[in-house]
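Peer 1: The structure's right below; bear with me while I get my questions together.
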Amino acid sequence: MNIAIDGPSGSGKSTIAKRIAKKLGISYLDTGAMYRGIAYFYCNKNIDVSDVNAVKSLLGDIKLDVVNDGGIQKIIINGEDVTPYIRQNHISMAASTVSKIPEVRIKLVELQRIIANSTDSIIDGRDIGSYVLPNATYKFYLTASSDVRANRRCIELKEKGQIFSFEEIKADIEKRDYQDKHRDFAPLVICDDAIVIDSSNLTIDEVENLILKNIKY
Ligand code: DC
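Residue numbering for the sequence shown follows this note's numbering, starting at 3 and increasing by one per position.
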């Protein structure tokens with residue numbers, strides 16, 4: 003069984019997916035973290051992720067592994083655990099930008115499919131139901147207003163000691179939404195067969211219950 007949870011940033015996908023994975027005893031894969039890992043690799047080398055040729059020329063040098071360490075997902079790049087660095091705010095936009103490059107996506111999708119086919123899982127991202135696993139057992143599209151999402155992101159960043167204004171985060175989120183929805187290859191779309199949940203006025207428990215109500219496992 004595979005459960006696909008897609009949606010824009012800050013819609014609560016990863017929080018919900020982690021809880022559902024725990025409840026059902028299945029694996030959880032955060033595909034956004036994989037794009038963040040790739041973005042971090044380039045940013046750390048001071049390579050502009052919008053320079054498509056520069057990105058493509060080094061892509062073959064990247065060995066990315068996803069490791070489950072006691073229920074916590076870790077992203078390992080060329081043997082180094084980069085998980086602590088991939089949640090920085092500038093990495094979010096870099097991940098969105100680098101994810102536009104088809105060769106980057108193809109590399110990560112291959113790994114995502116291997117993981118999905120090896121275990122019952124809940125996978126969150128942008129293109130899981132539409133491209134990575136079009137035959138996923140269940141598909142959900144989680145969304146929320148950009149105000150609510152920006153507010154959640156500000157709180158999350160503040161907890162990590164990163165202080166940004168609400169306006170700055172909201173503008174970033176809207177720019178990222180636009181990039182993720184308008185790229186040519188595997189953009190963020192709502193699948194016809196996805197259950198759409200707007201979490202703007204729902205608690206985490208309510209969203210979780212709505213999803214679980216639709217799953218037989
Ligand atoms: O879910 P996230 O905010 O950690 O994702 C970071 C970026 O990675 C997102 O803006 C677009 C990209 N991404 C993607 O293109 N496809 C996915 N399946 C997951 C993330």
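Every residue, glycine too, gets a C-beta built ideally from N, C-alpha and C. The model shown is predicted, which means the values in this text are computed figures rather than measured ones.
Please list, in chain order, all residues of the same chain as residue 80 whose beta carbon is under 6 Å from its beta carbon, the five residues on each side excluded.
Peer 2: The answer, listed in chain order, is 65.
Peer 1: Does the Cβ-Cβ distance between residue 93 and residue 35 come in under 8 Å?
Peer 2: No, they are not a contact pair.
Peer 1: Residues bridged to residue 60 by DSSP?
Peer 2: In DSSP, residue 60 forms no bridge with anything.
Peer 1: Among 183, 95, 69, which residue has its Cα nearest to the Cα of residue 84?
Peer 2: Answer by Cα proximity: 69.
Peer 1: May I ask you to report which of helix, strand or coil DSSP gives residue 66?
Peer 2: Residue 66: strand per DSSP, three-state reduction.
Peer 1: Taking the straight line between their C-alpha atoms, what separation do you get for residue 1 and residue 119?
Peer 2: Any question about residue 1 goes unanswered here, given that the chain covers just 3 to 219.
Peer 1: For residue 87, which of helix, strand or coil comes out of DSSP?
Peer 2: Three-state DSSP puts residue 87 in a helix.
Peer 1: So within the segment 107 to 154, which uninterrupted alpha helix (DSSP H) runs reach at least 4 residues, ignoring any that extend past its ends?
Peer 2: Taking only runs of at least 4 residues, no alpha helix (DSSP H) segment lies wholly in the segment 107 to 154.
Peer 1: Applying the criterion that 16 or more other CB atoms from any shown protein chain within 10 Å of the CB defines a buried residue, is residue 32 buried or exposed?
Peer 2: With 16 or more Cβ atoms within 10 Å of its Cβ, residue 32 is classed as buried.
Peer 1: Got a sec? Which residues, its chain only, sit under 7 Å from residue 222 by beta carbon, not counting five neighbours each side?
Peer 2: The first residue shown for the chain is 3 and the last is 219, placing residue 222 beyond what the model contains.
Peer 1: Express the C-alpha separation of residue 63 and residue 10 in angstroms, rounding to a whole number.
Peer 2: Rounded to whole angstroms, residue 10 to residue 63 spans 29 Å at the Cα level.
Peer 1: For residue 177, is the classification buried or exposed, using 16 other Cβ atoms within 10 angstroms of its Cβ as the cut-off for buried?
Peer 2: Residue 177 should be labelled exposed.
Peer 1: On a Cα-Cα basis, can you pick out the residue from 53, 131, 121 that is closest to residue 196?
Peer 2: Nearest C-alpha to residue 196: 131.
Peer 1: Looking at residue 5 and residue 139, is the spacing between their C-beta atoms short of 8 Å?
Peer 2: The answer is yes: Cβ separation under 8 Å.
Peer 1: Going by DSSP, what residue range makes up the alpha helix (DSSP H) through residue 19?
Peer 2: Looking at the DSSP string, the run of the alpha helix (DSSP H) that includes residue 19 is 15 to 26.
Peer 1: Looking at the unbroken alpha helix (DSSP H) that takes in residue 181, where does it start and where does it end?
Peer 2: Run containing residue 181: 168 to 184, per the alpha helix (DSSP H) assignment.
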